[in-house]
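**Q**
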Amino acid sequence: MDSQGRKVVVCDNGTGFVKCGYGGSNFPEHIFPALVGRPIIRSTAKVGNIEIKDLMVGDEASELRSMLEVNYPMENGIVRNWDDMKHLWDYTFGPEKLNIDSRNCKILLTEPPMNPTKNREKIIEVMFETYQFSGVYIAIQAVLTLYAQVLHGLSACGRFTSYLIFNIYSHLIRRTL
């Protein structure tokens, strides 16, 4: 929590998985596939305990992926489909996962190195205007790991992104990205 008693949400939106939880925790509360699916053929069927809906996100979409047209909203760490990304965030912040009132929270989001400025600006716009978080901070995921582990170098590999990062005297060496 911050000094005013608001929860601090931490959300690592990866190309393959979303990891989300709360500041101060050692591990994420939830880890789930970063995918959105729509039925290939419209059906009112159920598969096991899961009803096939017009839009399925995360774990449910992963379980029924053979019956869905699946989309990953992020490509190489950058948001490519904003509508589906908003569905993914609705799932993350809604009753399916964190179940928060975002107006009473701050959020720390991660981004890949050299994320385009327009992408970062759009994320901040959505977090403030759509979800109404009281504060937003975006940081490079690997740099957060460097600081947390007191390391000087890090090799980070995601689903479609890999990079090396070096840190000397708390300064990120940008030419190494």
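When we follow my numbering, the leftmost residue of the sequence shown carries the number 174, and every step to the right adds one.
We put the CB at the ideal spot given by N, CA and C, even for glycine.
What you are looking at is a predicted structure, and each value in this text was computed from that prediction instead of being measured.
1) Please state the DSSP three-state secondary structure of residue 178.
2) Just grab the DSSP bridge partners of residue 238 for me.
3) With a Cβ-Cβ cutoff of 8 Å, do residue 273 and residue 182 count as a contact?
4) Taking buried to mean at least 16 other C-beta atoms within 10 Å of its own C-beta, is residue 175 buried or exposed?
5) Leaving aside the five residues before and after residue 307 along the sequence, list all residues of the same chain whose C-beta is less than 8 Å from its C-beta, in chain order.
6) For residue 300, which three-state DSSP category applies?
7) Short of 8 Å in beta carbon distance, which residues of its chain neighbour residue 238, apart from the five on each side in sequence? Order them along the chain.
8) Answer with buried or exposed for residue 234, where buried requires no fewer than 16 other C-beta atoms within 10 angstroms of its C-beta.
9) Pairs of beta-carbons, one from the stretch 286-303 and one from the stretch 195-202, closer than 8 Å: are there three or more?
10) Please report how far the alpha carbon of residue 218 lies from the alpha carbon of residue 204, in whole angstroms.
11) With the cut-off set at 8 Å, would you say residue 246 and residue 261 are in Cβ contact?
12) How would you write the range of the beta strand (DSSP E) that residue 279 sits in, first residue to last?
13) Please report the distance separating the alpha-carbon of residue 297 from that of residue 316.
**A** With the given structure in hand:
1) Within the sequence shown, the letter at position 5 stands for residue 178. Correct three-state label for residue 178: coil.
2) The residue given as residue 238 occupies position 65 in the sequence shown. Residue 238 pairs with nothing; no bridge assigned.
3) In the sequence shown, counting from the first residue as 1, residue 273 sits at position 100. In the sequence shown, counting from the first residue as 1, residue 182 sits at position 9. Result yes, Cβ atoms of residue 273 and residue 182 sit closer than 8 Å.
4) Position 2 of the sequence shown, counted from the start, is the residue given in the question as residue 175. Under this definition residue 175 is an exposed residue.
5) Here the question's residue 307 lines up with position 134 in the sequence shown. Counting only residues of its own chain and dropping the five nearest sequence neighbours on each side, residue 307 has a CB closer than 8 Å to the CB of 179, 276, 277, 278 and 279.
6) The residue you call residue 300 lines up with position 127 of the sequence shown. The answer is helix: DSSP assigns residue 300 an H, G or I state.
7) One-based indexing of the sequence shown puts residue 238 at position 65. The answer, listed in chain order, is 208 and 210.
8) One-based indexing of the sequence shown puts residue 234 at position 61. Answer is buried; the Cβ neighbour count reaches 16.
9) The stretch 286-303 makes no contact with the stretch 195-202, as fewer than three CB pairs between them are under 8 Å.
10) Translated into positions along the sequence shown, residue 218 becomes position 45. Translated into positions along the sequence shown, residue 204 becomes position 31. Residue 218 and residue 204 have their C-alpha atoms spaced approximately 27 Å apart.
11) If you number the sequence shown from 1, residue 246 lands on position 73. If you number the sequence shown from 1, residue 261 lands on position 88. With respect to residue 261, residue 246 sits close: the two C-beta atoms are nearer than 8 Å.
12) Taking the first residue of the sequence shown as 1, we reach residue 279 at position 106. Counted as a single uninterrupted DSSP element, the beta strand (DSSP E) harbouring residue 279 occupies residues 278-284.
13) To locate residue 297, count along the sequence shown from 1; it is residue 124. To locate residue 316, count along the sequence shown from 1; it is residue 143. Residue 297 and residue 316: Cα-Cα distance of roughly 19 Å.
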